[in-house]
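In my numbering, the protein residues as written are 528 to 822. Contents: one structure, followed by commentary.
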């Protein structure tokens with residue numbers, strides 16, 4: 528029994544070191560793994576293993592600052608993640624820093640940690656321009672697409688104007704798949720973060736065929752995600768983001784990805800920085816959606 532307890536204690540100790548010392552882990556290995564998305568508005572692929580986007584750039588700058596802190600150049604490995612597996616891959620150590628488009632909420636904070644907010648998202652509805660759909664009330668009897676592992680349809684159902692609105696849900700495996708459901712006519716609407724909708728519309732064959740309509744369903748803080756209970760690594764990432772805000776680099780990064788032509792086709796999303804995002808930059812914090820909504 529004593530040997531069993533000693534073995535268990537040793538196992539727990541090893542687990543604690545693994546969970547709490549990412550800086551040591553990446554310094555010893557010389558590698559940091561970045562979680563990236565295939566088709567998010569903040570992180571996406573342009574093929575050949577290349578990942579770009581607003582949050583990708585923010586993370587690259589944070590990693591550069593971390594390299595200076597630990598005194599070592601790091602190899603960056605890119606790990607594509609989905610809405611379903613992003614949290615488990617952070618928890619189990621596969622991903623060190625997740626740079627997709629994850630909403631910071633109280634439920635997720637029980638499992639992972641978030642850096643200070645870098646983007647404040649508005650959940651919206653995308654439809655075909657000729658659909659006649661203008662608001663939540665027009666979704667009765669329609670098919671609404673969203674992405675597996677996200678909270679957008681739940682957000683829609685909870686909206687006060689969605690009472691007595693009966694619609695069918697259809698799930699895409701990722702954001703590009705969900706947009707394809709709309710594009711192909713299998714879905715009448717796609718409910719998701721506005722930046723994701725805008726990016727997919729801008730990158731489509733005929734952007735004029737789509738539009739974003741209706742009420743803002745929710746306002747959510749989006750942040751870079753890390754393992755929980757690792758204050759030193761979180762501080763390193765937070766300090767980098769705060770420095771990017773103070774220097775104006777974060778605003779320049781935003782302009783690069785939302786107001787200028789972006790790869791691969793040179794589309795322009797055309798999404799000016801919102802007052803809510805400006806306020807988040809002016810008052811850096813890692814408050815979840817629930818607390819943020821009270822501000």
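Just so you know, even glycine gets a beta-carbon here, dropped at the ideal spot from N, CA and C.
Which residues DSSP lists as bridging residue i, in chain order
| i | result |
| --- | --- |
| residue 624 | 561 |
| residue 604 | 560 |
| residue 634 | Answer is none; residue 634 lacks a bridge partner. |
| residue 640 | 753 |
Alpha-carbon spacing of residue i relative to residue j, whole angstroms
| i | j | result |
| --- | --- | --- |
| residue 674 | residue 711 | 16 Å |
| residue 603 | residue 590 | 9 Å |
| residue 596 | residue 717 | 43 Å |
| residue 693 | residue 672 | 14 Å |
| residue 739 | residue 809 | 28 Å |
| residue 679 | residue 650 | 7 Å |
| residue 736 | residue 656 | 5 Å |
| residue 663 | residue 670 | 12 Å |
| residue 536 | residue 699 | Confidence is the limiting factor: at residue 536 the pLDDT is only 42, short of 50, which leaves the residue's position unreliable, though a coordinate-based value still follows. Between residue 536 and residue 699, the C-alpha separation is close to 43 Å. |
| residue 706 | residue 614 | 23 Å |
| residue 640 | residue 755 | 5 Å |
| residue 784 | residue 568 | 9 Å |
| residue 742 | residue 550 | 43 Å |
| residue 576 | residue 616 | 19 Å |
Candidates the options: closest to residue i by CA position
| i | options | result |
| --- | --- | --- |
| residue 781 | 757, 792, 804 and 770 | 804 |
| residue 708 | 624, 661, 654 and 749 | 654 |
| residue 578 | 625, 660, 685 and 737 | 625 |
| residue 621 | 630, 608, 629 and 628 | 608 |
| residue 644 | 730, 766 and 548 | 766 |
| residue 799 | 565, 635 and 646 | 646 |
| residue 697 | 690, 677 and 580 | 677 |
| residue 573 | 797, 790 and 813 | 790 |
Integer-rounded CB distance, given that residue j should sit under 8 Å from residue i
| i | j | result |
| --- | --- | --- |
| residue 642 | residue 750 | 5 Å |
| residue 570 | residue 582 | 5 Å |
| residue 757 | residue 548 | 7 Å |
| residue 747 | residue 667 | Going by Cβ atoms, the distance from residue 747 to residue 667 rounds to 25 Å, so no, they are not a contact pair. |
Three-state class that DSSP yields for residue i in the structure shown
| i | result |
| --- | --- |
| residue 767 | helix |
| residue 656 | coil |
| residue 724 | helix |
| residue 748 | strand |
| residue 796 | coil |
| residue 617 | helix |
| residue 569 | coil |
| residue 589 | helix |
| residue 680 | helix |
| residue 699 | strand |
| residue 780 | helix |
| residue 735 | helix |
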